[in-house]
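Report on the following structure.
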Amino acid sequence: MWVSKVNSRGRKYFYLSVYDSAQKRKEKHVFSLGRRKEAVEQMREWLYSHNVPPFLEDLGCNMSKVKGWVRRLEEKELQVM
31 MWVSKVNSRG RKYFYLSVYD SAQKRKEKHV FSLGRRKEAV EQMREWLYSH
81 NVPPFLEDLG CNMSKVKGWV RRLEEKELQV M
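Residue numbers for the sequence shown, in the working numbering: 31 to 111.
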């Protein structure tokens with residue numbers, strides 16, 4: 031599982047994605063995080079509550095991955111400023 035970025039109409043949206051070999055399309059978005067600020071806020075909420083949605087845990091999401099994703103998104107946000 032990883033965070034993927036999609037550009038649409040000049041905006042960047044973030045999704046949690048998994049590899050899906052059953053379909054021709056290899057990347058499958060399983061959870062929409064929204065724009066960068068919303069994505070970071072939502073993942074921080076997961077960190078503070080120590081609770082990731084159960085269906086994401088079943089797909090392999092854990093707290094260490096969430097921490098890394100938040101760190102990387104925050105670093106990119108600081109580079110833009």
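The C-beta atom is built at its ideal place from N, Cα and C for all residues, glycine as well.
Annotated as proximal: K58 and S47, with beta-carbon spacing under 8 Å. Around the Cβ of L77, a 10 Å sphere holds fewer than 16 other Cβ atoms; the residue is exposed. Here DSSP, grouped into helix, strand and coil, assigns V82 to coil. Under the three-state reduction of DSSP, L46 is assigned to strand. Straight across, the Cα-Cα distance linking F85 with R65 is about 22 Å.
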